[in-house]
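Quick note on my numbering: the sequence shown kicks off at -14 and runs consecutively.
Even glycine gets a Cβ: it sits at the ideal position worked out from N, Cα and C.
Here is the structure we will look at, set down as structure tokens.
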Amino acid sequence: MSQTVLTNEARANFRNLYADVFWFGVLGGSTMAFVAIYAARLGASSFQVSLLTAGPAVVNLLFSLPAGRWMQDKSLVRVTFWSSFWQRLGYLVFIPLPLLLSSNGQVWALALVTLLMSLPGTILAISFNAIFADLVPPEWRAEVVGRRNALLAFSMVSTSLLCGQVLDRVIFPYNYQIVFAFGAVGAGLSCYHLGRLRLGGEQPARAWGHYRDLSSREGRRFIQAVRTAFGFRLLRRPGDKSLLRMDLLRTTYGTFLLACFAFYTFQFVPIPLFPVFSVNVLLLTDGQISLGSALFYTTMMLASFGLGFLSARLGHRRVLIVGSLLFGLYPLLIGLAWDATLYWLASIAGGFAWGITNGGLLNRLMERSPDGDRPAYMALHNLALNLGILLGSLAGPLLSAKMGLRDAMLVSAGLRFAAGLLFILWG
């Protein structure tokens, strides 16, 4: 297929998309990578850490559908810019917190600000999904996404390593204020480049769902995401009355969705435990944690490069099964660790497993969702995703309260392996 000749406007949009993701990587490798660690160093419990992911999941559950409908007939560029502005404004609030509140007050403030940020963040995820699809012609998307992935990985790894040095060399809490300042700069410049995007002959918003280039590291190492899983371009057809088609649950897609729900739930069980375990049990320095993050991102990127070869040889279903069965390696090795050595090995194995699982699940989900009715299928998937994030994030602290952090980590590894077995049955 021959590629469309790009206009000057399209080239400018591509440059801004590259700059946006580079600066988002700075945000991801600084504030987003270390905010949960900071909460743990303040003395946060695993339950308090879980609120950093559970709160946004609740917001997503409540507002994704209304936000998608509200966006109809709205300017994509304006919605994307202003939602990013208000969402990323919250990262500025993190900087002065050590000067304003006690340690416990800061923990609750972090959870509250994160919750408030997720309101415009939900709109941003949907609107960026739509604008990306409309800005980049189909024949250019593989190249643009590939470059964005490479830029994101490079900026996240570099920023994470730099922040590790800052955190080890500057006294607490000023070190974290510097890291949060890095994140605020990255957030602001990413927002600036989103605002410079131009969509000629702008069409009404057509997309519902989330777009992401790389997934978060165990929920927050991405981007939790990020915030935390996958992204899809989902088109709503005019005249659709409801995206929630519960009748689909009675088909084979329903059992596949049940496996996805179990996978997301078990994925997030150890998420709030990782920061507390790393700080209070392994006694890792921030530099050691940052190196682990860099190893995770690097192996995740390398695994994603080989995903096409694996999918061609094994098929999307088998790739998903292999990745999901390996997915429990990260909490297993963390649970067995007594120092940084096994922690770093876990980061290498975890990044590799997540790079395979991420792409495998996305591709398999596309296979199981017919083109003509994809929005309805993805709406149910989004529901399963956010319910899984919510339940898993809350279950982890309960599990650790019953049996302790180390045993809870090992149990969560077994749960992740069980999710892989469900994909063998229903994937």
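Coil, strand or helix - residue i by DSSP
i     : result
W71   : helix
R235  : helix
V151  : helix
R(-4) : helix
V142  : helix
D119  : helix
G13   : helix
G381  : helix
L137  : helix
D324  : coil
S31   : helix
D58   : coil
I80   : coil
I409  : helix
S87   : coil
F312  : coil
R221  : Note on R221: pLDDT 39, under 50, position unreliable in the model; no value is reported.
G293  : helix
P51   : helix
L267  : coil
G185  : coil
L299  : helix
S332  : helix
Beta carbon of residue i nearer than 8 angstroms to that of residue j
i    : j    : result
V44  : S103 : yes
A39  : S378 : yes
L310 : G405 : yes
C245 : A369 : yes
G336 : F248 : no
Y76  : Y161 : no
F402 : G313 : yes
Y328 : A322 : yes
S49  : N367 : yes
Contacting residues, own chain, Cβ-Cβ under 6 angstroms from residue i (five flanking each side not counted)
i     : result
I319  : A331 and M394
A288  : F337, G340 and I341
F32   : P382
T(-8) : none
S354  : Y362
R183  : E(-6)
P158  : P83
S140  : F7, G10 and V11
N348  : H301
R384  : Checking the sequence, you will find Leu at residue 384 rather than Arg. For L384, where only same-chain residues beyond five positions count, the Cβ hits under 6 angstroms are A393.
M285  : G336, W339 and G340
Cβ-based neighbour list, residue i, same chain, cut-off 7 angstroms, excluding 5 preceding and 5 following
i    : result
G239 : L233
Q72  : M102, P105, G106 and L109
V129 : F(-1), L2 and V121
V164 : S15, T16, F19, C148, V151 and L152
F167 : V11, S15, T144 and C148
R222 : Only weak support is given to the placement of R222: the predicted model assigns it a pLDDT of 42, under 50, and the value that follows is read from those uncertain coordinates. If we look at R222 and ignore the five residues flanking it on each side, it has no Cβ neighbours.
Cut-off 8 angstroms between Cβ atoms - residues of its own chain near residue i, not counting five sequence neighbours on either side
i    : result
V264 : I22, A25 and R26
L390 : S31, L258, V261, F262, N265 and V266
**Request:** Check whether the region 134 to 148 touches the region 4 to 12, counting contact only when three or more Cβ pairs, one atom from each stretch, lie closer than 8 angstroms.
**Result:** yes
**Prompt:** Quick check: the region 57 to 64 against the region 84 to 93, are there 3 or more CB pairs under 8 angstroms?
**Reply:** no
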